[in-house]
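J.:
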Amino acid sequence: MSNTDNLNLEELFKAMGIDDLPAEEKESIAAQFSDSVDEAVILRLADMLSEDEFAEFTDMEGDAADKYLTDRNIKLSDIAIEESVRLVEEFAMHVKNTQEVIDKHSSQ
């Protein structure tokens, strides 16, 4: 992992409100987050393409898959960024709500 990757992950953890967790937990969350982004991107593609197009796309690999999306004016990187932002915002909201519940019960 490069310094840039570490920086981006630290920014992600800070945005999620979990930057004070131990490294092991952060690594686990990063892996889960990556899987969630991948799933979200696939679901977006499934919505954007017809059933036949999506089936054709899922059988492709590498450059052929990239060309297939480019020919349809679909930017995979843009979709991945949008889904990443959405998931970070959702996660941060869950962390905030959980903290509010914990704080409420702690003060009683």
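Read in the working numbering, the sequence shown has 97 at position 14, and its numbers run on one by one without any break.
Each residue gets a CB set at the ideal place from its N, CA and C atoms; glycine is no exception.
If you're wondering where the values come from, they're calculated on a predicted model, not measured in any experiment.
1. Label E166 either buried or exposed according to how many other C-beta atoms from any shown protein chain fall within 10 Å of its C-beta, with 16 as the threshold for buried.
2. Under 8 Å: do the stretch 169 to 177 and the stretch 93 to 111 share three or more Cβ pairs, one atom per stretch?
3. Just to confirm, are L152 and L159 a CB contact at a threshold of 7 Å?
4. If you reduce the DSSP assignment to three classes, tell me which class R155 lands in.
5. Given M143, which residues of its chain have a CB within under 7 Å of its CB, disregarding the five upstream and five downstream residues?
6. Enumerate in chain order the residues of its own chain whose CB-to-CB distance from E76 is below 7 Å, with the five nearest sequence positions on each side excluded.
7. So, for R127: in the same chain, excluding its five sequence neighbours on each side, which residues have a beta-carbon less than 6 Å away from its beta-carbon?
8. Are there 16 or more other CB atoms within 10 angstroms of the CB of V184, so buried, or fewer, so exposed?
9. Count the other C-beta atoms from every protein chain shown that fall within 10 angstroms of the C-beta of V120, then say buried if there are 16 or more, exposed otherwise.
10. How about A129 and F137: are their beta carbons less than 7 Å apart?
T.: This is what the structure holds:
1. Classification of E166: buried, given that the 10 Å Cβ count is 16 or more.
2. Yes, since at least three Cβ pairs between the stretch 169 to 177 and the stretch 93 to 111 fall closer than 8 Å, the two stretches touch.
3. In contact: L152 and L159 (Cβ atoms closer than 7 Å).
4. In the three-state DSSP reduction, R155 falls in the coil class, being neither helix nor strand.
5. Once the five neighbours on either side are set aside, the close Cβ partners of M143 are Y151.
6. No statement about residue 76 is possible, as the shown extent of the chain runs from 84 to 191 and does not include it.
7. Non-local C-beta neighbours of R127 in its own chain, meaning closer than 6 Å and more than five positions away in sequence, comprise I162, ordered along the chain.
8. Per the 10 Å Cβ criterion, exposed.
9. Flag for V120 reads buried.
10. By the CB criterion at 7 Å, A129 and F137 fall inside the cutoff.
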